[in-house]
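Note that the protein sequences, when read in sequence, are chains A and B. Here our numbering is used: position 581 in the first sequence is 581, and no number is missing along the way. Here our numbering is used: position 342 in the second sequence is 342, and no number is missing along the way. Beta carbons are placed, not taken as given, at the ideal position from N, Cα and C, and that holds for glycine.
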Amino acid sequence: MRVFLVSFLAAFASIALFSAVHLAGQEAGAVEFRVPHLEQVPEDTVEFRSSPTAADCNYLRNPDEFLRSTELHRKEVSRWTEIVGSQVRMLPASGDLQTGAAPARMPRNNFIDDYIFGRMEGAGIQPAPLASDLEFLRRVTFDITGRPPSPTEIFAFVADPNPNKRDALVDKLVWTFEFLDKWTMFFGDLYKNNATATNVVRYNQGRDAFYAYIRQSIAENKPYNQMAQEMIAAAGDNFVNGAANWLVGTTVPMGPAQDTYDGGAVNAAQMFLGINVVDCLLCHDGARHLDSLNLWGKNETRANIWGLSAFFARTRMTRQVVSQTPLYADFIVSEAATGDYILNTTSGNRQPRQPQGGVNRIMPKYPWNDQTIPATANRLQSLATILTSDIQFSRATVNYIWEKFMVEPFVSPSNSFDLARLDPNNPPPAPWMLQPTNPELLNAMAVWFQENGYDLRYLMMMIAKSNAYQLSSAYPGQWKPEYVPYYARKFVRRLDAEEIHDAIVKTTGVLPSYSLDYQGSLYGLPSVSWAMQFPDTSEPRSNNTVAQFLNAFGRGNRDQVMRSTSGSVLQALNMMNHSFVTSRIHANNNGSNVQWILRYTSNPDAIVEHLFLSTLSRPPTPEERAVGAEVMKWLGNQRGAESMQWALLNKLEFLFNY
Amino acid sequence: MKTITEPIINRRIFFEIASAGVAGYFLSPLDVLAQAGTTYQKPAVVMNSARYAIFILLAGAPSHVDTFDLKVGPWTPANFQPTTFDGVDFPAGLLPNLSYQWGQFAFLRSCQSNALVHSLLQTWNQIARNPTTSTGKIAPNIGSIVALEFDSQRRRDQVLPGFVSLNTGGNLIRNGYLPARYSPFDVTANAGGLTNLQHPDGQVSFGDRRLVVEALNSVNPVRVDFDEMRDFYTSAQSMMYDPAVNNVFRFSPTDQQRYGNSGFGNSCIVARNLIAADLGTRYFQINLGGWDNHSNIYQANAGIYNPARQLDQGLANLIADLAIMPGSNGRSQLDQTLIVVKGEFGRTVGSLNGQQGRDHYAVHTTLFAGGGVRGGRAMGTTTADGRFVDSPGWSQERPVAPEDIAATIYSALGINYTTQRRDDPLGRGFEYVPSTSTWPPYPVVELFQ
């Protein structure tokens, strides 16, 4: 869930950095924010103002500000893409960078292209040219498997005469073990799988069981609706039945049981339906709170959303201590035969729940279609079926996956769906606008996903095989941030912390080995060499320096600390000086890439070219070759190779996928 | 509206429920949330008495009746040497060095937490709000906000980040939704200095390699005017091999011994150095764990003695050194550095539990020193056994919450703690210290009077 705030956060991260919104004035309730006197203030800074009186609700915000924030976010996506895209020296496939194909002439690989290029055509917007083989290969390998391609893979792909080689590559990549690693990590993030959280402790056993469950489900390409159903309606010991850990994660401590039922509703809505305002609505009605944030939500009532929480009102998670020293406790998850969502609380984490209009208990009722269930029906199983049949489940999943490939999701942030603003045939009243970047395509893909067995690999293949995905990140002519929702070029993203670690390992050829703590776990995990294989983002606990290296790149803790891709001084220091990096560039480190190439050849140009290919997945440009030749002449082959390897790891483009 | 002099349920019942068990989930009567739209803040009091702040988090929750709110009973070990300084009971044997510095400290004994879960309260204290609320999920550490507030004051030679964290293990809250620029700069205090400030292959190699990167980058000119990531590289390089920066992270074996030869002690030395050098850091968080003594709390060379020894030697020497270092305007560095020492909650009182230890408990004490605090006294009292807050000892006449501690820190640093930002990703507005309808947060100004 946190991961999907990243793109939105990037907007504010950069705004705050460059505009450094600054407080002046000392009186509460009459605070003014002013932009300080920096030379480099961009002209798009927004002045924020607090409410003039303390009685105004803190949480209202007018649509203008909301729309402007989207605009600013698009500027940020554009800015980053320009910065990195301008550094990319891979010539696009369709030739001259100065022209690209008109959208009408862009070949359509699948229905995604119809919608994307159709819309561009309608708006008269020029797409970027298609990415070259090199650009495409590196990008899709990172996006699907979380690692860069090796020089061998690069040569093979570029030399392959098969006109359908890009499709074949996608087909191949989604069935690799690396794919399993990356997408297990992704879903682990989404479901917030960790051993210790603020709200509940799963211990390593629970975490590992959950990790193994997710991994197994992806390995066998389990239909995603089935996966969701298994988690929502899980039962048993969470140390044994990995899926039960999803329910365990809904625990809300220091309150009555209803707080945990609400926790179930919040997690189900956020993780499976992409609707974050359910959390707001479980404290109060939407009116006077969500009026400017969410059109659907502003008309919703707390009582109605309680119908969702009521599905969780018979869920029991009995904690039992299985070992005193060391302390381990598991949860036995089950659904009781009786129990209701009763309105009788006055304390805890949420507003008091008191009888309303003579009603003192809430029956399960799915808020989005008002569906109820028989009194004897199993509530969790019922919810599992109802929720996964909801088209919104399909939409939210499509949006999450689309975001990972296209960088800009249809709905941003990807857990902030506004159900009243999704239908192009029924647009919201002004000043509200349709929410998704391409509402027709989102709906078409949601239906397609439903009709194709909720097949995640198939969904990813469809996206990766579209020409919309395969556009270059280099853009001819003048780019405008308004073009962002048209996906007129490929957007750039910074690699995740795990991808950076694994790229350094794969490039330099020196494999680490991290042991994972699994004492007592039924699903004991062996040592791993790749960060993408960690069961949560606090590993490797056996190697604190590497854990710090990874943390510096913002992998978060799947709890209070969100995954982030903003930069920092520490990241720069780590890439330049951390032993994880610098030990791997040495010629005398057995198995290192530098050692290998020095033994393979003494031709300085070949050495430079190999280092470029293995590190940046592309050959050097003529100018870079010239620099390389100078460096090799100046420092000699060995020191030259080591320095080139280090320098290439410290080039900006190494940390990004474009 | 209801004034908070009586808790909503009877205190005795509340604490009977609360003192149960190790994990201790329980109903929290002080946590009744507002009806929508009726939150309020009192006009902010901004004292602006300190330039720096050091927040020492005693992770694991120290027993208050064995340390800063000493209650002597049959259980008290003789080597605690309970002594009374000017009406304040103190375990001079457990914390001998701190007992010499006794006059520097104000003991705020009426602190109370709303829950007894470690990670929840550790987070709560670092973000000045309940972590399970919506803004709790995006909230930055107090230190990140301080770094943000003081960002515009930075001089060109101040190359170090505004917020430095030391000896923090797992539960360090970082910059939340704020840019990474304000995230804590993690330092592992080491006599040899900061490790990744130096290139492992030597300065000459670094110089060569830097030239290679620059040569490569120069043939690929970036088409936009500024480059955030490259700024970080430039800042990073300016920190490296800068004698001022290097020296600030180094310390002598003598100092290391004097400060107790521990990770915590070393961290105190580095904090001292960073304050003296004034290279941009204004807020420090130092963690010291080991206080979670559910069993064998009085075991020799273990139990509470271990963390107490580290705290004693590190903190006492930090205070002593800061007190003799000159600051600005004739004040000492201690005068302009607010030091706050607290755990996430307290521990059970009276006789020990079945494992010869103490379990979690809401009432606890916070220590304040420096930064304009008038030391040498206790404020607020608990009942004779340490179970309940008896007199809160401050203007708001209620137990002190983590929000109030945060308000005190912000106020001392000259920051308006009622500030509300409108740049948060949730669109709800982000207050530095949030208000509720039950009570608005307030700084404990009495500490400074």
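For lysine 342 of chain B, the enclosing beta strand (DSSP E) starts and ends at 337-343. Note that the stretch 365-383 of chain B does not touch the stretch 130-146 of chain B; fewer than 3 beta-carbon pairs, one per stretch, sit closer than 8 angstroms. Close to histidine 199 of chain B, with beta-carbon spacing below 8 angstroms, are these residues of chain A in chain order: Met576, Asn577 and Thr582. When only Cα atoms are considered, serine 542 of chain A and phenylalanine 534 of chain A end up about 12 angstroms apart.
Here leucine 511 of chain A is exposed: its Cβ has fewer than 16 other Cβ atoms, across all protein chains shown, within 10 Å. Within the same chain, and ignoring the five residues on either side of glycine 263 of chain B in sequence, the residues whose Cβ sits closer than 6 angstroms to its Cβ are Asn167. Under the Cβ distance rule, phenylalanine 232 of chain B counts among the residues neighbouring chain A, one pair being separated by less than 8 angstroms.
Under the 10 Å beta carbon count, lysine 480 of chain A is surrounded by fewer than 16 other beta carbons and is classified as exposed. Annotation for threonine 508 of chain A: Arg584, Ser592 and Asn593 place their beta carbon closer than 6 angstroms to its own, counting only its chain and skipping 5 residues before and after. Counting only the Cα atoms, tyrosine 514 of chain A lies some 19 angstroms from phenylalanine 553 of chain A.
In this structure, A/Asp285 is the residue among A/Asp285, A/Gly124, A/Tyr486 and A/Asn221 with its C-alpha nearest to the C-alpha of arginine 353 of chain A. The stretch 487-504 of chain A and the stretch 132-148 of chain A touch, with no fewer than 3 CB-CB distances between them shorter than 8 angstroms. Scanning its chain for C-beta atoms nearer than 7 angstroms, with the 5 sequence neighbours on each side dropped, one finds around leucine 655 of chain A the residues Arg494, Leu495 and Ile500, in chain order. For glutamate 623 of chain A, the chain B residues whose Cβ falls inside 7 angstroms of its Cβ are Val219, in order along the chain. Between serine 78 of chain A and valine 484 of chain A, the C-beta gap is smaller than 8 angstroms, which places the two residues in contact. Within its own chain, no residue has a Cβ closer than 7 angstroms to the Cβ of aspartate 160 of chain A once the five positions on either side in sequence are excluded.
For glycine 386 of chain B against valine 65 of chain B, the beta-carbon gap comes to about 4 angstroms, under 8 angstroms, which counts as contact. Relative to methionine 379 of chain B, the option among B/Val433, B/Leu288 and B/Glu446 whose CA is nearest is B/Glu446.
Taking 3 residues as the minimum length, the beta strand (DSSP E) runs contained wholly in the stretch 76-129 of chain B are 82-85, 88-91 and 105-112, in order along the chain. Contact with chain A is found for leucine 120 of chain B, since one of that chain's Cβ atoms lies less than 8 angstroms from the residue's Cβ. Between the stretch 264-279 of chain A and the stretch 304-319 of chain A, the count of Cβ pairs shorter than 8 angstroms is three or higher; the stretches touch. Out of B/Ala61, B/Thr135, B/Ser332 and B/Gly343, the CA that lies nearest to the CA of glycine 371 of chain B is found in B/Ser332. Close CB contacts of glutamine 41 of chain B within its chain, under the 7 angstroms cut and outside five residues either way in sequence, are with Thr418, Ser435 and Pro440 (chain order).
Taking glutamine 203 of chain B as reference, the option from B/Gln237, B/Ser218, B/Asn220 and B/Ser183 with the minimal CA-CA separation is B/Gln237. Take serine 267 of chain B, set aside five residues on each side of it, and the residues of its chain with a beta-carbon closer than 7 angstroms to its own are Leu166, Asn167, Ala189 and Ile286, in chain order. At least one beta carbon of chain A lies nearer than 8 angstroms to the beta carbon of lysine 137 of chain B.
Two segments are said to touch when three or more pairs of C-beta atoms, one from each, lie closer than 8 angstroms; by this definition the stretch 326-343 of chain A touches the stretch 225-240 of chain A.
For phenylalanine 85 of chain B, same chain residues with a beta-carbon under 7 angstroms away, outside a window of 5 residues either side, are Trp102 in chain order. Within chain B, the residues whose beta carbon sits less than 7 angstroms from that of aspartate 279 of chain A are Ser134, listed in sequence order. In the assembly as shown, phenylalanine 68 of chain B is a buried residue. Its beta-carbon has 16 or more other beta-carbons within 10 Å. The DSSP-derived three-state label of isoleucine 297 of chain B is coil.
Exclusion of the five residues before and after tryptophan 246 of chain A leaves Tyr191 and Met231 as the residues of its chain whose Cβ lies within less than 6 angstroms of its Cβ. Under the Cβ distance rule, isoleucine 304 of chain B does not count among the residues neighbouring chain A, no pair being separated by less than 8 angstroms.
Interface with chain A (8 angstroms Cβ-Cβ cutoff): isoleucine 142 of chain B is excluded. Buried is the label assigned to tryptophan 530 of chain A, since at least 16 other Cβ atoms lie within 10 Å of its Cβ. Annotation: Cβ neighbours of tryptophan 646 of chain A in chain B (cutoff 7 angstroms, chain order): Arg209.
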